[in-house]
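One line per chain: the protein sequences are A and B, in this order.
Take any residue in the first sequence, note its place counting from 1, add 4, and you have its number in this note's numbering.
Take any residue in the second sequence, note its place counting from 1, add 4, and you have its number in this note's numbering.
Each residue gets a CB set at the ideal place from its N, CA and C atoms; glycine is no exception.
Worksheet: one structure, shown below.
There are 2 protein chains.
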Amino acid sequence: MPKVEVVERILSANDQIAAQNRARLDAQGVVAINVMASPGAGKTSLILQTIAALRGRLRVGVIEGDIASRVDADKVAAAGVPVVQINTGGQCHLDAPMVGRALDALPLADLDVLFIENVGNLVCPSGFQLGQRWDVVVSSVPEGDDKPLKYPGIFTEVDAVLINKIDLQPYLDFDEPAFRQAVQALNAEAPIFSLSCKTGEGVAGWASWVVAAVERARGV
Amino acid sequence: MPKVEVVERILSANDQIAAQNRARLDAQGVVAINVMASPGAGKTSLILQTIAALRGRLRVGVIEGDIASRVDADKVAAAGVPVVQINTGGQCHLDAPMVGRALDALPLADLDVLFIENVGNLVCPSGFQLGQRWDVVVSSVPEGDDKPLKYPGIFTEVDAVLINKIDLQPYLDFDEPAFRQAVQALNAEAPIFSLSCKTGEGVAGWASWVVAAVERARGV
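Structure representation (structure tokens):
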């Protein structure tokens, strides 16, 4: 009888800690959403608009990731929700140990959904598990419609795609059908939400997706 | 007599190849400028505008760096200048070996200045020498005025800072004095150029800096 080879998937150190983070969030019924984007695409504005849209429906917490500064955490704190700022000190993405330490400082028992705003970067963040249930990418009209062609990795892996700053469409030549077609060629599953965090247009549709995604994650 | 310790700086493999690239460019009298920015800040538009502004003054070549696609190289080729597209295949920055291979495909003897458009990323590209003489970063009005606070590393290291898309200023709350102050706090030496690659406003001033920078590099 031939020897049976048993191959076990060896988790990286980061993935092991991400799994611990996930177990900890699951135990408290908290669903984490990893928000990725280019610098300046509007991740923090999106989170602020989503906090407002979810008020009375879901209890929100936020982890803000940046190379440096606490600009974003101050904005979120002003909205009255629990927030922790992570400064990566040069690292181009969040990792699971950083998020684990941030979880220590959050009142998990009082949360339903946790937005993790990653470092502004369309490449590196998608390679690191944090403990999140869902991944989303925010693109924006001024960045141009060719981003899915140039950064296919991140668009392929996410659970939803947002097009922010549609209020600027009149002043730019962003081809939204071309953008949507390029996303769908990479990722037929992910819904695409067009919205403006300045005017609020389209935010309700995205917020409904968050509510449904949290229910789905909880098996409701 | 105490033993004298001799500490030599050991160049990384990347830095060694960058030094070779630089020697090769120097030998041909070509000055390379590494153009860094977030995705969608307008690096390619800037290069196209600069090609037009330098016509008859400097002979331009271009290396286009992207994770995937040849969208940018096609645009530059249409402007009638030598261009090589590098696809990093997932890597978040260009490196010196990639640029070395691209140099093989360029008519260096016929060039004065070589623009190297790095992968859209405000973090990783600044850590890798390529053989360039100058580094510049392009920021853009829609990204917001807090980028120097959040991504200080790249703003600290560059030789010039550009603020692109000033034509969108009427529709956004970008605080240009705050942006300039934040840059100057990190980097008092770098000139800051405000411009619009859509309208052409401000491009002439930047193009004059390029001409002067090429002359300076050549010791003219």
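- Apart from sequence neighbours up to five positions away, the residues of its chain that approach Ala-83 (chain B) with a beta-carbon distance below 6 Å are Leu-52, Ile-55, ordered along the chain.
- Note on geometry: alpha-carbon atoms of Asp-171 (chain A) and Leu-172 (chain B) lie some 12 Å from one another.
- Only those residues of the segment 126 to 143 of chain A whose C-beta falls short of 7 Å from the nearest C-beta of chain B are listed: Leu-126, Val-127, Cys-128.
- Listed in chain order, the non-local C-beta contacts of Gln-24 (chain B) below 6 Å within the same chain number zero, local neighbours out to five positions each way being set aside.
- Closer than 8 Å at the C-beta level to chain B, one finds these residues of the segment 109 to 126 of chain A: Val-123, Gly-124, Asn-125, Leu-126.
- Contact between Gly-65 (chain A) and Leu-110 (chain A) holds, with the beta-carbon distance rounding to 5 Å and staying under 8 Å.
- Residues of chain B whose Cβ lies closer than 8 Å to the Cβ of Cys-96 (chain A) are, in chain order, Cys-96, Asn-125, Val-127, Cys-128.
- Taking a 10 Å sphere around the C-beta of Thr-48 (chain A), we find 16 or more other C-beta atoms and assign the residue as buried.
- The residues Val-141, Val-187, Ala-194, Ile-196, in chain order, have a CB closer than 6 Å to that of Val-165 (chain A) in the same chain once the five nearest residues on each side in sequence are set aside.
- Around the CB of Glu-147 (chain A), 16 or more other CB atoms lie within 10 Å, so the residue is classed as buried.
- Under the Cβ criterion of 7 Å, Pro-146 (chain B) is counted among the residues facing chain A.
- Beyond the five residues adjoining it in sequence on each side, Phe-178 (chain A) comes within less than 7 Å, by CB distance, of Val-145, Gly-148, Asp-149 in the same chain, given in chain order.
- Nearest to Arg-59 (chain B) by C-alpha distance, out of B:Ala-221, B:Arg-222, B:Val-215, B:Gly-223, is B:Val-215.
- Annotation for Leu-115 (chain B): Val-34, Arg-63, Gly-65 place their beta carbon closer than 6 Å to its own, counting only its chain and skipping 5 residues before and after.
- Considering only beta carbons, the part of the segment 34 to 57 of chain B lying closer than 7 Å to chain A consists of Ser-42, Pro-43, Gly-44, in chain order.
- Here DSSP, grouped into helix, strand and coil, assigns Leu-134 (chain A) to coil.
- Identification of residues in the segment 60 to 89 of chain A having a C-beta nearer than 9 Å to some C-beta of chain B yields Asp-70, Ile-71, Ala-72, Ser-73, Val-75, Asp-76, given in sequence order.
- Under the 7 Å criterion on CB atoms, Leu-190 (chain A) is classed as non-interfacial with respect to chain B.
- By a beta-carbon distance limit of 8 Å, Leu-134 (chain B) does not contact Val-85 (chain B). Their separation comes to about 19 Å.
- In this structure Ala-36 (chain A) is not in contact with Gln-185 (chain A), their Cβ atoms being roughly 30 Å apart against a cut-off of 8 Å.
- No beta strand (DSSP E) of 3 residues or more sits fully in the segment 37 to 64 of chain A.
- Going by DSSP, Leu-166 (chain A) is part of the beta strand (DSSP E) stretching over 164 to 168.
- For the segment 196 to 215 of chain B, the set of residues with a beta-carbon nearer than 7 Å to any beta-carbon of chain A is empty.
- Taking a 10 Å sphere around the C-beta of Asp-108 (chain B), we find fewer than 16 other C-beta atoms and assign the residue as exposed.
- The Cβ atoms of Ala-22 (chain B) and Trp-138 (chain B) lie no closer than 7 Å to each other.
- Residue burial annotation: Gly-124 (chain B) is buried, with at least 16 other C-beta atoms found within 10 angstroms of its C-beta.
- Residue environment analysis places Ser-42 (chain A) among the buried positions, since at least 16 neighbouring C-beta atoms fall within 10 angstroms of its C-beta.
- Residue state for Asp-139 (chain A) is assigned as strand, using DSSP reduced to three classes.
- In summary, the residues of the segment 153 to 177 of chain B whose CB is separated from some CB of chain A by less than 7 Å are Leu-153, Lys-154, Tyr-155, Pro-156, Gly-157, Lys-169, Leu-172, Tyr-175, in the order they occur in the chain.
- Beta-bridge partners of Gln-89 (chain A) (DSSP): A:Glu-68.
- The continuous alpha helix (DSSP H) containing Val-207 (chain B) extends over residues 207 to 221.
- Measuring C-alpha to C-alpha distances from Asn-168 (chain A) to each of A:Gly-46, A:Gln-89, A:Met-40 identifies A:Gly-46 as the nearest.
- The beta carbon of Gly-209 (chain B) sits closer than 7 Å to those of Phe-197, all from its chain and outside the five residues before and after it, given in chain order.
- Looking at the DSSP output, Ser-198 (chain A) sits in a beta bridge with A:Ile-167.
- In summary, Gln-89 (chain B) is buried, with 16 or more beta-carbon neighbours lying within 10 Å of its beta-carbon over all protein chains present.
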